[in-house]
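Heads up, my numbering is the position in the sequence shown plus 28, with the first residue counted as 1. All residues carry an ideal CB built from backbone N, CA and C; glycine is no exception.
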Amino acid sequence: MKLTVAKLFLNSGRKYGTINRNLYGQFAEHLGSCIYNGIYVGERSDIPNEDGIRLDVVEALRHIRVPVIRWPGGSFSENYHWRDAVGPKQERRPIVNSSWGDVVEDNSFGTHEFFRFCEMVGAAPYIAANVTTGTVRELEEWISYITDAGDSAMARLRRENGREEPWRLPYVGIGNENWSMRPEFYADRFHLFSSGIHSRQQIERIACGPDGANYDWTDALMQQAKPSLMNGLSLHYYTMPGYYKTDEYPQDEKRPARDFDREGYYRTLRRALYMETLIRQHCALMERRDPEGRIGLVVDEWGTWHQPEPGTNPSFLYQQNTMRDAIVAGLTLNIFNRCSERVRMANIAQAVNVLQAMVLTREQEMVLTPTYHVFDLYRAHQDARRIESYIQQDLTGPQDAQVPALSVSASEDEQGVLHATLVNTDADESRAVQCLLEGRAYSSVKIRYLSGAIGAYNDFDRKDAVQIREMTPPVIEDNTFAVEVPACCVMELTLE
Ligand code: AHR
């Protein structure tokens with residue numbers, strides 16, 4: 029039964045840990061037009077760029093304060109050899125991207141270009157090492173090339189290639205989706221490749237973790253990988269909105285990104301909400317072996333995975349992004365915030381033109397997706413202290429695919445400003461919410477929100493069909509105020 033008014037309780041008097049800014053990270057792979065034509069157009073392009081990197085994309089990503097970017101893959105990383113992509117561009121070795129459509133790449137975007145991109149965006153670099161076709165020596169030399177300040181052979185090579193100072197490299201992923209290996213074999217490879225990273229380099233090592241609900245993998249890795257070498261364990265989970273009556277998981281199926289009905293909408297949200305079960309179960313296993321919580325869970329691939337847009341290369345994973353995707357993002361980011369004690373990083377797949385992208389580009393043009401706007405609404409949570417929050421629930425959606433109508437997470441920043449992010453999943457009906465504030469007296473509230481029909485999206489001919497709006501602020505009386513949350517909506521409340 030629908031609640032007449034749902035109560036929202038926000039208590040800044042009860043604070044938990046810090047919400048790691050890295051939960052708002054991105055993933056950028058050599059896939060389709062994520063890197064080439066998306067991020068990188070080359071110095072000679074007419075599209076405004078610096079060092080070949082698109083300025084409109086940089087500006088958009090800076091605005092949402094992207095904290096960390098994972099690169100070069102994904103699957104691509106398991107065939108990547110960094111030395112092919114440094115040095116004079118005309119001398120770089122072209123490669124065939126056998127992971128994604130066998131397209132030829134000239135390797136004009138390599139280590140220097142990636143670190144430049146990160147600097148421009150203001151994000152930390154997170155590289156994924158090749159532990160399948162690569163060698164330990166190759167990784168050791170790559171890291172030395174990136175981080176050596178002294179007179180090593182790799183530092184000299186970097187200088188010859190035009191970069192005097194080393195870069196800071198905080199995170200290295202040891203492999204990607206190495207699930208064709210037995211966990212025991214992968215654990216050995218993890219140790220081997222970790223030996224290519226020296227403790228003086230102060231780099232966090234992230235081990236390849238499970239695919240969705242593969243709890244055996246987590247358990248095996250937590251038992252067999254040396255905890256002193258592992259700072260993070262990754263988790264990959266994509267929301268694929270296919271539907272099987274008897275099974276919430278593991279059977280997945282991709283469906284069109286735009287052409288879906290209400291049932292498809294709610295089923296997609298159910299799939300997305302499954303992220304919380306996965307996180308809690310994997311965290312429970314990690315807790316057994318690492319009760320101090322030293323090893324973080326790193327959800328370094330997540331997001332919706334629909335069918336590619338008709339007429340596009342199916343290997344390029346180009347999909348449109350609707351309000352449904354925005355709701356998935358809002359629900360998922362609220363889950364990450366609420367689980368932020370152990371979840372330390374997450375990287376949505378992917379930043380540009382691939383899967384649940386932040387931005388879409390076409391020649392000179394760029395479109396901000398509804399998902400981008402959700403990252404904008406949530407950016408104040410980065411590095412803020414999570415606070416107690418609770419919202420009364422009723423269910424919405426068809427009988428066999430119901431989801432909670434409302435979701436919330438909240439934090440307090442260093443200036444004592446409270447930010448709460450709310451999601452109304454109901455496709456058709458707004459929700460009346462009465463907000464009860466605790467912890468201190470608040471006198472003003474600012475409301476920004478994103479809302480629209482479940483299938484609404486932005487495109488090159490209507491870039492602002494879905495955009496953030498502000499609501500007339502309600503009056504706070506006795507630390508209480510009322511707000512009507514529109515249907516299919518993600519909302520940010522800022523309280524002072
Ligand atoms: O993000 C697309 C692909 O999904 C990645 O390359 C791979 O790691 C995953 O299967």
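query                                                                                                                                                      : result
Which residues in the same chain have their Cβ closer than 6 Å to the Cβ of residue 342, if we skip the five residues on either side of it in sequence?    : 336
What's the C-alpha gap between residue 466 and residue 37?                                                                                                 : 8 Å
Helix, strand or coil for residue 60 per DSSP?                                                                                                             : coil
Could you give the DSSP three-state label for residue 517: helix, strand or coil?                                                                          : strand
Below 8 Å on the Cβ atoms is my contact criterion, and I expect residue 470 with residue 517 to pass it. Report the Cβ-Cβ distance as a whole number of Å. : About 22 Å separates the two Cβ atoms, so there is no contact after all.
What are the partner residues of residue 387, as DSSP defines its beta bridges?                                                                            : 380 and 396
Would you decide whether residue 305 is buried or exposed? Buried here means 16 or more other CB atoms lie within 10 Å of its CB.                          : exposed
Can you tell me the Cβ-Cβ gap for residue 9 and residue 97, rounded? I've got them flagged as a contact below 8 Å.                                         : Nothing about residue 9 can be reported from this structure: the residues present for the chain run from 29 to 524 only.
Apart from the five residues just before and just after residue 362, which ones in its own chain have a Cβ nearer than 7 Å to its Cβ?                      : 435, 436, 437, 449 and 451
Measuring CB atoms only, is the segment 234-250 touching the segment 188-195, in the sense that at least three cross pairs come out at less than 8 Å?      : no
Which residue spans inside the segment 304-389 form an unbroken alpha helix (DSSP H) run of at least 4?                                                    : 351-366
Can you round the beta-carbon distance between residue 70 and residue 80 to whole angstroms, since I take them to be within the 8 Å contact cut?           : 5 Å
Which residue wins for smallest C-alpha separation from residue 410, given the options 420, 456 and 374?                                                   : 374
Return yes when the Cβ of residue 494 is within less than 8 Å of the Cβ of residue 398, no when it is not.                                                 : yes
To the nearest angstrom, report how far apart residue 273 and residue 282 are at their CA atoms.                                                           : Only weak support exists for where residue 273 lies, its pLDDT of 42 falling under 50; the coordinates are left without a value.
Bridge partners for residue 539 per DSSP, in chain order?                                                                                                  : Because the chain here runs from 29 to 524, residue 539 falls outside it and cannot be looked at.
According to DSSP, what are the bridge partners of residue 497?                                                                                            : 477
Determine the extent of the beta strand (DSSP E) in which residue 451 is found, giving its start and end residues.                                         : 446-452
In whole angstroms, what separates the C-alpha of residue 202 from that of residue 180?                                                                    : 23 Å
Does DSSP put residue 176 in a helix, in a strand, or in coil?                                                                                             : coil
Is any heavy atom in the ligand AHR found nearer than 7 Å to the beta carbon of residue 529?                                                               : Nothing in the structure corresponds to residue 529, since the chain is present only between 29 and 524.
Looking at the structure shown, is residue 470 part of a helix, part of a strand, or coil, going by DSSP?                                                  : coil
Kindly indicate the opening and closing residues of the alpha helix (DSSP H) around residue 243.                                                           : 243-252
Got a sec, what are the start and stop residues for the beta strand (DSSP E) residue 90 sits in?                                                           : Counting along the chain, residue 90 falls outside any beta strand (DSSP E), though it belongs to the alpha helix (DSSP H) covering 83-91.
Of all the alpha helix (DSSP H) runs that stay within the bounds of the segment 118-173, which reach a length of 4 or more residues?                       : 139-149
Which stretch, first to last residue, makes up the beta strand (DSSP E) that contains residue 288?                                                         : Careful: residue 288 lies outside any beta strand (DSSP E) and carries neither H nor E.
Here's the rule: buried if 16 or more other CB atoms are within 10 angstroms of the residue's CB, otherwise exposed. What is residue 32?                   : exposed
Cα separation between residue 262 and residue 460?                                                                                                         : 38 Å
Can we count residue 377 as close to the ligand PLP, meaning its CB is less than 7 Å from some heavy atom?                                                 : Ligands present in the displayed structure are limited to the ligand AHR, and the ligand PLP is not among them.
Specify the secondary structure class of residue 441 as computed by DSSP and reduced to three states.                                                      : coil
Do three or more CB pairs link the segment 108-116 to the segment 163-174 at distances below 8 Å?                                                          : yes
Near residue 318, what residues of its chain come up, given a Cβ to Cβ distance below 8 Å and the 5 sequence neighbours on each side ignored?              : 250 and 255
Let me check understanding here. Comparing Cα to Cα, which of 344, 265, 412 and 500 lies closest to residue 44?                                            : 412
Below 8 Å, can you find three or more Cβ-Cβ pairs linking the segment 81-100 to the segment 133-151?                                                       : yes
So is residue 423 buried or exposed if we call it buried at 16+ other beta carbons inside 10 Å?                                                            : exposed
Where do the N-terminal and C-terminal ends of the alpha helix (DSSP H) with residue 219 fall, by residue?                                                 : 211-222
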